[in-house]
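Shown next, in structure tokens, is the structure this report addresses.
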Amino acid sequence: MKTVVKILLPYNSKILVSENSDVAKGEVIAMNEEENKVEINLSNILKVKPLNIYKYLKRRPRDVISEGELLAEKKTLVSHLTVKSPISGKITEVDLKKGTVRIVKNGGQSGKVTIPVAGKVKSIGQDKIEIEVKGIRIKGLTGSGENRLARLKVLADEKRSYFDIGSEVEKQLILIKKAGSEILAKLDTLEALGVISTELAENNDFSVLVVSDDSFSELERAENKLVWLRPKEAEAIILEE
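For the sequence shown, the UniProt record's numbering assigns the number 1 to the initial residue and increments by one for each residue that follows.
Structural data, given as structure tokens:
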């Protein structure tokens, strides 16, 4: 069975695929190089010539800087101007022709959008790409956390206790009827990748999906299959292999 999934794009992304093209697992389908960097015009802010911004810099190229940390400062008899970094990252460029400083966020050089499974591009919009994949969509009620791709592990009723859960959950997506805060914490500690359940304790850090009883029963039949959990879209895709 084939399912069309919507991949939302960051603002002003450069799309790297075309409609009706095949995409491979892990392929970069779009990129937003501006997403993880900022460019600060010190020449304008400090009211100096671009070539002179070096005189006022408190940090140098390749320095690591924290959000709110002093980047540049200009003192005169009548004024005191300061510029603080708007993000935490690394100073990658000081442009003396434009009078600008570029800072790249910690955690990446560019905003790459990838897909973890193979598929075919069905349509391309300004803010999304629709891709057809081989699998069955299970709609959830609510979800939160990051996308995850892993084998589905069903925890039987007799393993609902905190003490009955062991290393078998590592790197797995866990299907469990009810998951309280203690069970979620243990699954996280044991490096489970996400949880699908009909009843979940409030959670802020884990990838989770709440589903109906009917959807839960359908997922039970998919144990050991590869599942693409998409919490923000409130869905899980049971993939064909």
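Note that CB positions come from ideal geometry on N, CA and C, so glycine has one too.
Taking DSSP's pairing of strands, which residues face Ala-72 in a bridge? Translated into the one-based positions of the sequence shown, residue 72 becomes position 72. In the DSSP secondary-structure assignment, Ala-72 is bridged to Leu-57, Val-83.
Please go through the stretch 150 to 201 and give each complete beta strand (DSSP E) segment of 3 or more residues, from N-terminal end onward. The beta strand (DSSP E) runs lying completely inside the stretch 150 to 201 and spanning 3 residues or more are 173 to 175, 194 to 197, given in chain order.
Unbroken stretches of the beta strand (DSSP E), 3 residues or longer, contained in the stretch 1 to 60: List check, beta strand (DSSP E) in window: 2 to 8, 28 to 32, 37 to 41.
Using 8 Å as the threshold, is the C-beta distance between Arg-137 and Ile-29 below it? Within the sequence shown, numbered from 1, the residue matching residue 137 stands at position 137. Within the sequence shown, numbered from 1, the residue matching residue 29 stands at position 29. Contact annotation: Arg-137 and Ile-29 have beta-carbon atoms that are not nearer than 8 Å.
Return the residue from the list Ala-118, Leu-155, Leu-57 that minimises the CA-CA distance to Val-5. Taking the sequence shown and counting its residues from 1, the one referred to as residue 5 is at position 5. Per the Cα distances, Ala-118.
How is Leu-229 classed by DSSP in three states: helix, strand or coil? Residue 229 sits at position 229 when you count from the first residue of the sequence shown. In the structure shown, Leu-229 sits in a strand (DSSP, three-state: E or B).
In angstroms with no decimal places, state the Cα-to-Cα distance between Gly-145 and Leu-187. Here residue 145 is taken as the residue at index 145 of the sequence shown, counted from 1. Here residue 187 is taken as the residue at index 187 of the sequence shown, counted from 1. Spanning the alpha carbons of Gly-145 and Leu-187 requires a straight line of approximately 15 Å.
Neighbour-count burial assignment, Gly-194, 16 or more Cβ in a 10 Å radius: Along the sequence shown, read from residue 1 onward, the residue named residue 194 stands at position 194. Buried, by the Cβ-count rule.
Looking at the strands, I want to know which residues DSSP matches up with Ser-123. The residue given as residue 123 occupies position 123 in the sequence shown. Bridge partners of Ser-123: Glu-130.
Which residue wins for smallest C-alpha separation from Ser-207, given the options Val-169, Ala-185, Arg-148, Ala-24? To locate residue 207, count along the sequence shown from 1; it is residue 207. Of the candidates Val-169, Ala-185, Arg-148, Ala-24, the one whose C-alpha sits nearest the C-alpha of Ser-207 is Arg-148.
Suppose you measure from the CA of Thr-3 to the CA of Thr-142; what does that come to, to the nearest Å? By one-based count along the sequence shown, residue 3 stands at place 3. By one-based count along the sequence shown, residue 142 stands at place 142. Those two C-alpha atoms are separated by around 20 Å.
Starting from Lys-139, follow its DSSP beta bridges and name the residues at the other end. Here the question's residue 139 lines up with position 139 in the sequence shown. Checking the DSSP bridge columns, you'll see Lys-139 partnered with Glu-235.
In this structure, how does DSSP classify Asp-213 when only helix, strand and coil are distinguished? Here residue 213 corresponds to residue number 213 of the sequence shown, with the count starting at 1. Helix.
Buried or exposed (CB count within 10 angstroms, at least 16 for buried), Val-64: Start at 1 with the first residue of the sequence shown, and residue 64 comes out as number 64. Exposed: under 16 other Cβ atoms inside 10 Å.
What does the Cβ neighbour count give for Ser-79, buried or exposed, with the cut at 16 atoms within 10 Å? Residue numbering aside, residue 79 sits at position 79 when the sequence shown is read from its first letter. By the 10 Å Cβ count, Ser-79 comes out exposed.
For residue 244, which option in Leu-51, Leu-8, Phe-216, Ile-115 has the closest C-alpha, if you only look at C-alpha atoms? It is not possible to answer for residue 244, since the shown part of the chain is limited to 1 through 241.
Starting from Thr-114, follow its DSSP beta bridges and name the residues at the other end. Numbered from 1 along the sequence shown, position 114 holds the residue referred to as residue 114. DSSP lists Val-28 as partners of Thr-114.
Would you give the residue range spanned by the beta strand (DSSP E) that Lys-97 belongs to? Here residue 97 is taken as the residue at index 97 of the sequence shown, counted from 1. Counting along the chain, no beta strand (DSSP E) covers Lys-97, and no H or E run does either.
Whole angstroms are fine: how far does the CA of Lys-55 sit from the CA of Lys-192? Against the sequence shown, residue 192 aligns to sequence position 192. Against the sequence shown, residue 55 aligns to sequence position 55. For the record, residue 192 in the displayed sequence is Ala; it is not Lys. Approximately 51 Å between the Cα atoms of the pair.
Bridge partners - Val-64, DSSP secondary structure assignment: Taking the sequence shown and counting its residues from 1, one reaches residue 64 at position 64. The partner list for Val-64 (beta bridge, DSSP) reads Lys-90.
Measuring CA to CA, which of Lys-49, Val-83, Lys-178, Leu-8 is closest to Glu-202? Here residue 202 refers to the residue found at position 202 of the sequence shown. Looking only at Lys-49, Val-83, Lys-178, Leu-8, the smallest Cα-Cα distance to Glu-202 is reached by Lys-178.
Please list, in chain order, all residues of the same chain as Glu-132 whose beta carbon is under 6 Å from its beta carbon, the five residues on each side excluded. Reading the sequence shown from its first residue, position 132 is the one you call residue 132. Within the same chain, and ignoring the five residues on either side of Glu-132 in sequence, the residues whose Cβ sits closer than 6 Å to its Cβ are Lys-2, Val-4, Gly-119, Lys-120, Lys-122.
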